[in-house]
Amino acid sequence: MNTITENNDDPKNLKIDRTILADEQPILFIIFKAFRNLDKVCYRLGLLNKNSSLASDINWAVLDEKNNLPQVLNQLDSTRDQVEQQIYNLKKMMTSRCLNIIFWEFTVILIIIIALLASSYFAGYWVSGQFSASWLPELLSRPILITVSALLFVGGFVVLHYSLRSFFANRIAKNYQAEDTAFTLTRAFLKNSKFTHSIFRPEPVGLHWLNRKRIQKAHELYLIYNNENQ
């Protein structure tokens, strides 16, 4: 069996997998399965409602392979391109949120540090360039106070971090909400904004190797049949 070993938009450079053109499966059925695979990708990413389909406007029962094949193939590749565009938009939203959180965390922490330094200076805690508050020796001699202070610091940072996460998730989602069409981009973004997911996550939730392969196969199917008819 031959296999597709290269993904190239130039059909002349495409090594074709003849198994995808198996005689026992009608071409329209293969295309239907490709559409369903794109649906599965969108379901997993949260880009599509479970009761929706990217091919809902196609009446498969009345399609004729001879007359409708080019049109359906073009629609398949166009749909695949839309899915990839939505994934790109989703990644862009995730990156924007991450950068905003990092920037404002740094800014808030810097402001707090400057405020603490300024207040301690005016309170007379700095003598000859050294911090010498009267309560400092007592604090250092009591580990429980150090532990409580550290916990308060860490707790304050956690509250700040998750407050910024929630704020920018809702803000960015609101900006994109008006742009949603058949896809539920804002829902997919909020799915990736849950507190269990790192802001540094490189890929959206659900974009694993299998779903990448499903998207790639839809494009390869389009290229194969274009190459066959040239």
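Numbered according to the UniProt record's numbering, the sequence shown spans residues 1 to 230. Glycine included, each C-beta is placed from N, C-alpha and C at the ideal position.
Please report the distance separating the alpha-carbon of residue i from that of residue j.
i	j	result
residue 223	residue 84	17 Å
residue 199	residue 205	12 Å
residue 174	residue 192	15 Å
residue 132	residue 189	49 Å
residue 89	residue 168	16 Å
residue 215	residue 44	13 Å
residue 19	residue 58	Residue placement at residue 19 cannot be trusted, given a pLDDT of 45 that sits under 50; what the coordinates show is reported in the next sentence. Cα to Cα, residue 19 sits roughly 25 Å from residue 58.
residue 23	residue 30	Per-residue confidence for residue 23 stands at a pLDDT of 43, beneath the threshold of 50, marking its modelled position as unreliable; no derived number is given.
residue 251	residue 54	One cannot answer for residue 251 here, as it falls past the ends of the chain, which runs 1 to 230.
residue 38	residue 52	12 Å
residue 21	residue 77	With a pLDDT of only 45 at residue 21, under the threshold of 50, the placement of this residue in the model should not be trusted; the figure read from the coordinates follows. Approximately 17 Å between the Cα atoms of the pair.
residue 120	residue 101	28 Å
residue 73	residue 79	10 Å
residue 98	residue 170	13 Å
residue 197	residue 128	47 Å
residue 218	residue 70	14 Å
residue 26	residue 63	12 Å
residue 220	residue 186	29 Å
residue 109	residue 56	51 Å
residue 211	residue 32	16 Å
Could you tell me how far apart the beta carbons of residue i and residue j are, in whole angstroms, since I believe they sit closer than 8 Å?
i	j	result
residue 225	residue 195	Actually they are not in contact, since the Cβ atoms of residue 225 and residue 195 sit about 45 Å apart, beyond 8 Å.
residue 75	residue 47	Contact flag wrong, Cβ pair sits at about 18 Å.
Could you say which of the options lies nearest to residue i if we only look at CA atoms?
i	options	result
residue 91	51, 203 and 166	203
residue 172	113, 61, 51 and 93	93
residue 209	26, 41 and 28	41
residue 50	182, 113, 197 and 217	182
residue 67	152, 28 and 105	28
residue 95	81, 201 and 139	201
Considering only DSSP beta bridges, list what residue i is partnered with.
i	result
residue 130	127
(request) Output the residue ranges of the beta strand (DSSP E) runs that lie fully inside the segment 172-206 and measure 3 residues or longer, sorted by chain position. (result) none
(message) My parser needs the alpha helix (DSSP H) runs of 4 or more residues fully inside the segment 57-144; what are they?
(response) 65-122 and 136-141
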